[in-house]
Structures are given as C-alpha cells and as structure tokens.
Amino acid sequence: LPFSSPGLFLALFTNKGHSKMTVIYQTTITRIGQSAPDALCDQMLITFREGAPADIEEFCFIHCHGDLNGSLKAGIQFELGQHHYPVTAVGSVAEQNLRELGHITLRFDGQSEAEFPGTVHVAGPVPDGITPGCILKFVA
Numbered sequence: 001l002p003f004s005s006p007g008l009f010l011a012l013f014t015n016k017g018h019s020k021m022t023v024i025y026q027t028t029i030t031r032i033g034q035s036a037p038d039a040l041c042d043q044m045l046i047t048f049r050e051g052a053p054a055d056i057e058e059f060c061f062i063h064c065h066g067d068l069n070g071s072l073k074a075g076i077q078f079e080l081g082q083h084h085y086p087v088t089a090v091g092s093v094a095e096q097n098l099r100e101l102g103h104i105t106l107r108f109d110g111q112s113e114a115e116f117p118g119t120v121h122v123a124g125p126v127p128d129g130i131t132p133g134c135i136l137k138f139v140a
C-alpha cells in the first residue's frame, strides 16, 4: 500500500472523494396518530408538525417541527432512526409543505417520478419500530 496508515487508506477509500453530508432537516417524532401505522401497510409514512387538526393528526406521525436548511431533491438521504434511504423523487410542493406545515408523505417504493405533488419517494423497505422519540432527518 502506498499509504503509511491503514486507517488513512480506509478513510480515503470509504469517503471516495465525496464531501461530508450535511443534515438539512431534523425533527423528533412526538406522537403517532391512531391510524398512522395503517399507512405503512401501503408503503406510506405521513408526517405533520405538532398542532395539526385532530382529524389529520389521526393519520400522521406527529413531530416537533424543525427548520429546513436546504432543498429536498432526488439523491439526498432520508433517515428514520437506524434506517437510511436514498431519495428517488420529490413532488413539486413537498419542500414547501415540509417547510410550512411539517407535512410530508413518504413513499417507500423507489419511484423515479413523484406520484403526487406532496410526495417524497425513497428506496428501501418500509421501516418498523417507529416510536415517539425516533429521529427523522434529511441529509444532503
């Protein structure tokens, strides 16, 4: 090896020249609406910030809303607890909905084009074990 330290080699090899990822949005799930887990059966996870109307809250994973410091776009990463997903498509109003309402509909189907304007599509299996206290974030 042309490197004096195996650790240096590993760091260079695993980074592959990519810059450090930055958290552009982070929040914590505080409550789970009674019907929210049902949407997971349809490969969907719906969020809304605290203070959502009761009829909406029933279907959502409620969170303490954070600031969005970047753009939602294909190629960034979505993280929920220990689960990591590449974002594959972002609807035209998803970023605005997240910024203003803490509302987003995530689809775990890997589609390359957004099905609806407020939808964010990610690739990977539907997460399990989502509980209050779980961290949700987007990383770019």
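Going letter by letter, the sequence shown gives residues 1 to 140 in our numbering.
Just so it is clear, CB atoms sit at the ideal spot from N, CA and C, and this is done for glycine as well.
What residue range is occupied by the uninterrupted alpha helix (DSSP H) comprising P37? Numbered from its first residue, the sequence shown carries residue 37 at position 37. Counting along the chain, the alpha helix (DSSP H) containing P37 begins and ends at A36 to L40.
For I32, the three-state DSSP class (helix, strand or coil): Here the question's residue 32 lines up with position 32 in the sequence shown. When secondary structure is reduced to three states using DSSP, I32 falls in the strand class.
Distance, V93 Cα to P117 Cα: If you number the sequence shown from 1, residue 117 lands on position 117. If you number the sequence shown from 1, residue 93 lands on position 93. Distance between the alpha carbons of P117 and V93 is about 5 Å.
Once the 5 residues before and after E95 are set aside, which same chain residues still bring their CB inside 6 Å of it? Taking the first residue of the sequence shown as position 1, residue 95 is located at position 95. For E95, where only same-chain residues beyond five positions count, the Cβ hits under 6 Å are L72.
Count the other CB atoms, across all protein chains shown, that sit within 10 Å of the CB of G91; report buried if there are 16 or more and exposed otherwise. To locate residue 91, count along the sequence shown from 1; it is residue 91. Classification for G91: buried.
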